[in-house]
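Enquirer: Got a structure for you, questions after.
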Amino acid sequence: MAEVKEITRKLEEIHEKIKAEIPWEPVGPTPMPEIPDLRQWDMRLLKTYAPFYAPFCDLCCFCTYGKCDLSEGRRGACGIDIATQQARIILLACLMGCSAHAAHGGHILEFLIERHGPDKKIDLGTFIDVEAPNIRTVVGLKPETLGDLKTVIEYVYKEITHLLDSTHFGQEGSYLDYESKALHASMLDHVGMEVADIAQIVGFDFPTSVADTPLVDMGWASVDESKPVILLVGHNPATSTTVIDYLRENGLYDKVEIAGICCTALETTRYSDRAKIVGPLSRQLFYVRTGIADVIMTDEQCIRTDMPIEADKVESRVVACLDKAMYGLEEVSDREVDGIVRDMVEDKKHFAILDAKKAAEVAVKVAMEIAPHRRKQWIAEEEAVELAKKCTNCGMCERVCPNLFSIGDGITEVAKGNFDLIRQQFNLCIGCGKCEQECPNDVPIFKIMQVAASKETWKIRAGRGAIMDTEIRNVGAPITLGTIPGVLAFVGCSNYPDIDDVADMVYEFARRKYIVVLTGCAAMVAGMKKFEDGKTVYELFPPDFDAGGVVNIGSCVSNAHISGAAIKIANIFAALPLRANYEVMADYVLNRVGACGVAWGAMSQKAASIGTGFNRLGIPVLLGPHSAKYRRLFLSRKEEDDWRVMDARKREIVDSGEPSPEHLAYVCENKEKAMVTIPKLCIRKNDTPQGRSIKLNHYISLYKKYMGGGLPEDLHLYIRRDPDIPLVYKKEVRAHLQEIGWQPKEPVGLPTLIGTYPSKVPLDAVIH
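Heads up, the sequence shown is in my numbering, so the first residue is 281 and it goes up one at a time.
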């Protein structure tokens, strides 16, 4: 009886927080879900998409009982085995990522509530009514003001605490439960990201309810070096927007150049189309070492942890603006501006300044003071040749290079006056700096690479934020029926095997009428290659969320609008209620929405949580070769696995025999394999014969183009009946099917996993 009362009290408390009395939709089964509430959904996913682990090492070093050897079936002193230890590390990574975005969202929210008040209305424009699909689905709240978002972020904080608790010594003992917790943390990440970007859009007046955002300049050549240059690095726009406000208010907007690296660059161009994007994370160290930046302002996430050291080498000045990264610097928010400026100019000091307005004023004044006295010149080819002559091509640089290319050969060629190889290698460089650190002859490799860096400028669209409801209504049917072959989300970091890969893939699939959306570093590098007529993909393809569109959604936190678009398809097109109804939304996406994430350069903990959050929602994610180092994939075993689903129309469980989507998290070793895998990961059981035929046409043609001809060996698994066969390949495919003894099978009328595992959700919930 006491337990029932406690459950009732808890539910009443949740209903009060989510304003359950406002009847915009009935409250679903899981408002503000805790760790156990979606566990059964996770276990059903993990039954088909089992975790595949690739440990970095066989030891656990987490406590003083260790080191414990977990190899060959051994268990640690606490009883943990190697699979559970890997899953614990995965959960920790996802919690780091979730915490980064949640803390970013919380800080931005406090910053903007201080500026606008908690009653500032959330209005995303004329064409967006479902403003917060992740929040509505997970939390059950329809946020109407900035103050409502505080309720949401506090829920995320609470869940993070419980999840982190489970990683302590002597807690969870099941790798599957750790994976369920990682899925939970990553779902929360999408909630936290949504809080952050909605707050930013509302509070900073970022673009919304518009597709055709301005084209902005990108590339180091776009930065006017004749002006004082302030370089912004990180992700939090509280810093950059305050700098721009200061410039505008003091008549300096045309006199100081504002440039950015990583997501702060994307956020800044959403606020000012005069700001310049230098490039992605992989260009950070290179650009800092050029010395072009007079002042470097850091905020949070994906910043070199040795930024003051690197700045000292070129006499740039650093202002650390957020408490997440203070570098041991003196915090001087309580000092007078003139004294801070004098110390930075005369004594070349760096400071932490957590007062955003003071940081902006100091940065501008210091930049204007020191810029006329600093050398800002790229080295000449003659100087590069002389520096390269120190190289003995000993091979040390190649051994530590993550992409394993022969830097020594490139430098040796420069010493001969040949720059062709080093230019090719520059596109393979991820900017880690390990090569220069290991060089026994102190060859300044990054400095030499200045002659290899392209001085081109490119165009990229400013991030547009949420997908409009009107766009969802237009594409909902063709996406779920398969006549738009898929929605591809290029997301994540810049740890690429080749920086051109993303642009090539975007071009290929936009040309084939997939909908292509991008965020973060992927959005930048997609624009760093020119195709016909010297145009980038942002100039060649329309900016609409429609077939053949290329859409820059925005920064890392804008990823919430991509998962949100998938939820909107279920809610707006299929008219399924989303309020606290996560399982129904995820089930719909898994079985009917042909979407696929591509995190080709993923390397950070944030990228891990973003991708795993997509996985819980039923969206597969294809990863680049370096992402094998995340230690875990979600793989099926094709025909050997359980592909049974409920046919909701017949109300019976049927064996579809179709591995769709085949995997939830999968690594490809090269661009060519990725191009072939992507269309397959967009196949869904709900495809109509016409839609399936279109998807298989792309699968077959890309296989022939990149794999050297023939037919894919698993093609028969995706052909249900003859109408599924693409017309252009009809004769060839029929002959192949006859040869292997293929038999037709009945398509599933209304596929769902609901009803195939224990759940609070009734089967009727998926039928509308």
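The beta carbon of each residue, even a glycine, is placed where N, CA and C say it ideally should be.
(1) Nearest by alpha-carbon distance to T431: which of G386, A860, Q366 is it?
(2) Using three-state DSSP, classify D922 as helix, strand or coil.
(3) Any contact between the stretch 778-791 and the stretch 939-952? By contact I mean 3 or more CB pairs, one from each, below 8 Å.
(4) At the level of alpha carbons, what is the spacing between A600 and G688?
(5) Classify Q717 as buried or exposed, calling it buried when 16 or more other Cβ atoms lie within 10 Å of its own Cβ.
(6) Over the uninterrupted alpha helix (DSSP H) stretch that includes P413, give me the two end residues.
(7) Taking 8 Å as the cut-off, does the stretch 497-514 touch the stretch 735-742 (at least 3 CB pairs, one atom from each stretch)?
(8) Here's a check: name, in chain order, each residue in its chain whose Cβ is nearer than 8 Å to the Cβ of V221, leaving out the five neighbours to either side.
(9) Would you decide whether Y345 is buried or exposed? Buried here means 16 or more other CB atoms lie within 10 Å of its CB.
(10) Pick from C836, V558, L768, G893: whose alpha carbon is nearest that of C962?
(11) The alpha helix (DSSP H) with C801 in it runs from where to where?
(12) Assuming A381 contacts A479 under a Cβ cut-off of 8 Å, what Cβ separation, rounded to an integer in Å, is found between them?
(13) Could you tell me which residues DSSP puts in a beta bridge with L339?
(14) Among S460, R1001, E424, I691, which residue has its Cα nearest to the Cα of V665?
(15) Per DSSP, what kind of secondary structure is F825 in: helix, strand or coil?
(16) Rounded to whole angstroms, what's the CA-CA distance from A539 to L1033? Just pull it up for me.
(17) Which of the three DSSP states is assigned to N871 in this structure?
(18) Can you give the Cα-Cα distance for M865 and D824, rounded to whole angstroms?
(19) Roughly how many angstroms separate the alpha carbons of E611 and I576, rounded to a whole number?
(20) When DSSP labels each residue in this structure, what does C677 get in the three-state scheme?
(21) When you compare each of L495, I360, G405, T585 to F449 by their alpha carbons, which one comes out closest?
(22) Tell me, please, whether the stretch 887-896 touches the stretch 924-938 by the rule of three or more beta-carbon pairs shorter than 8 Å.
(23) DSSP three-state call for D317: helix, strand or coil?
(24) If you reduce the DSSP assignment to three classes, tell me which class L876 lands in.
(25) To the nearest angstrom, how far is the alpha carbon of T488 from that of A412?
(26) Based on Cα-Cα distance, which residue from K297, T328, R289 lies nearest to E920?
(27) DSSP three-state call for Y455: helix, strand or coil?
(28) Which partner residues does T1032 have in the DSSP bridge list?
(29) Alpha carbon to alpha carbon, what distance is there between L858 and I852?
(30) Could you have a look at D1004 and say whether DSSP puts it in helix, strand or coil?
(31) Since K556 sits in a beta bridge, which residues does DSSP pair it with?
(32) Do three or more CB pairs link the stretch 870-890 to the stretch 826-846 at distances below 8 Å?
(33) For a quick check, are the C-beta atoms of E537 and V503 less than 8 Å apart?
(34) Assign H442 to one of two classes, buried (16 or more other C-beta atoms within 10 Å of its C-beta) or exposed (fewer than that).
(35) When we look at the beta-carbon of N966 and count the other beta-carbons within 10 Å, is it buried (16 or more) or exposed?
(36) In whole angstroms, give me the CA-to-CA distance for Y567 and E301.
Expert: If we stick to the structure as given:
(1) G386
(2) coil
(3) yes
(4) 36 Å
(5) exposed
(6) 413-418
(7) yes
(8) The structure shown does not extend to residue 221, since the chain is modelled only from 281 to 1048, so the question has no answer here.
(9) exposed
(10) L768
(11) 800-806
(12) The sequence shown places His at residue 381, rather than the Ala named in the question. About 12 Å; that fails the 8 Å criterion.
(13) D349
(14) I691
(15) coil
(16) 48 Å
(17) helix
(18) 24 Å
(19) 16 Å
(20) helix
(21) I360
(22) no
(23) coil
(24) It is worth fixing the name first, because residue 876 is Cys in this sequence and not Leu. Note: C876 maps to strand in three-state DSSP.
(25) 13 Å
(26) T328
(27) helix
(28) M926
(29) 10 Å
(30) helix
(31) A539
(32) yes
(33) yes
(34) exposed
(35) buried
(36) 54 Å
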